[in-house]
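Take a look at the structure set out below.
Residue numbers (this note's numbering): 22 to 210.
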């Protein structure tokens, strides 16, 4: 721990993360929350997305540090901008929670959600939520084709809720017995 602290004090972000990690998890040393926050901050300032997410979570909930939503927002945005999948997910979920209480945050949330589904390996729930946003913005009929495409991507990623939401749409558009039974087979599966 002393060597990692020494390297971190010389500017090595990875070593700062190691010190923070030791103070979060180790059973072999006397833990210090002050040391944890100091080195976690150094790691986050050094651009490590996993440190930014961890520190952002601390600021978002006010654990070990005073609650600071602006700081949490910046840390999550930095982790997402780095290209980190976990950072993009955490940023999106954080903005989703904010948009529920502050409508002014809705555009930032929409942008983060759009960014998330534009990445490789986006989670299925993100497509499903974006489909809801499309329908809310464009209306049921004008946005349905785009929403269906998003729900199909979500379903392909294994999101069962998206599959369930697609079922009535597919039944509505089934014009032949074969198409109808295909939907029934998908529901049974």
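Idealized CB from N, CA, C, for every residue including glycine.
Give me, in chain order, the residues of the same chain whose beta-carbon lies closer than 7 Å to that of residue 215; leave out the 5 immediate sequence neighbours on both sides. Coverage of the chain is limited to positions 22 through 210, which leaves residue 215 absent and any answer about it impossible.
Rounded separation between residue 98 and residue 130 - CA only: Taking the first residue of the chain shown as position 1, residue 98 is located at position 77. Taking the first residue of the chain shown as position 1, residue 130 is located at position 109. Computed Cα separation, rounded: 11 Å.
Starting from the Cα of residue 122, find the closest Cα among 139, 132 and 90 and give me that residue. Taking the first residue of the chain shown as position 1, residue 122 is located at position 101. Taking each of 139, 132 and 90 in turn and checking the Cα distance to residue 122, the smallest one comes out for 90.
Between the segment 151-165 and the segment 111-125, do at least 3 Cβ pairs fall closer than 8 Å? The segment 151-165 is not in contact with the segment 111-125.
Can you tell me the Cα-Cα spacing of residue 166 and residue 198, whole angstroms? Here residue 166 corresponds to residue number 145 of the chain shown, with the count starting at 1. Here residue 198 corresponds to residue number 177 of the chain shown, with the count starting at 1. Going by the C-alpha atoms only, they are around 23 Å apart.
Indicate whether residue 178 and residue 144 have their beta-carbon atoms separated by less than 8 Å. In the chain shown, counting from the first residue as 1, residue 178 sits at position 157. In the chain shown, counting from the first residue as 1, residue 144 sits at position 123. Cβ atoms of residue 178 and residue 144: closer than 8 Å.
Assign residue 83 to one of three DSSP states: helix, strand, or coil. Here the question's residue 83 lines up with position 62 in the chain shown. Residue state, collapsed to three classes: coil.
C-beta atoms of residue 39 and residue 25 nearer than 8 Å: Locating residue 39 in the chain shown gives position 18, counting from the first residue. Locating residue 25 in the chain shown gives position 4, counting from the first residue. Between residue 39 and residue 25, the gap from beta carbon to beta carbon is short of 8 Å.
Please say whether residue 85 and residue 110 have beta carbons closer to each other than 8 Å? The residue labelled residue 110 in the question sits at position 89 within the chain shown. The residue labelled residue 85 in the question sits at position 64 within the chain shown. No. Outside cutoff.
Less than 8 Å between the C-beta atoms of residue 180 and residue 149, yes or no? By one-based count along the chain shown, residue 180 stands at place 159. By one-based count along the chain shown, residue 149 stands at place 128. A contact, by the Cβ cut-off of 8 Å.
Span separating the alpha-carbon of residue 74 from that of residue 194: Locating residue 74 in the chain shown gives position 53, counting from the first residue. Locating residue 194 in the chain shown gives position 173, counting from the first residue. Whole-angstrom Cα-Cα distance: 43 Å.
Where in the segment 68-131 do unbroken runs of the beta strand (DSSP E), each at least 3 residues long, occur, reported from the N-terminal end onward? List check, beta strand (DSSP E) in window: nothing returned.
Pairwise C-alpha distance: residue 191 and residue 22: The residue you call residue 22 lines up with position 1 of the chain shown. The residue you call residue 191 lines up with position 170 of the chain shown. Straight across, the Cα-Cα distance linking residue 22 with residue 191 is about 59 Å.
Look up residue 52 in the DSSP assignment and say whether it is helix, strand or coil. Your numbering for residue 52 matches position 31 in the chain shown. In the three-state DSSP reduction, residue 52 falls in the coil class, being neither helix nor strand.
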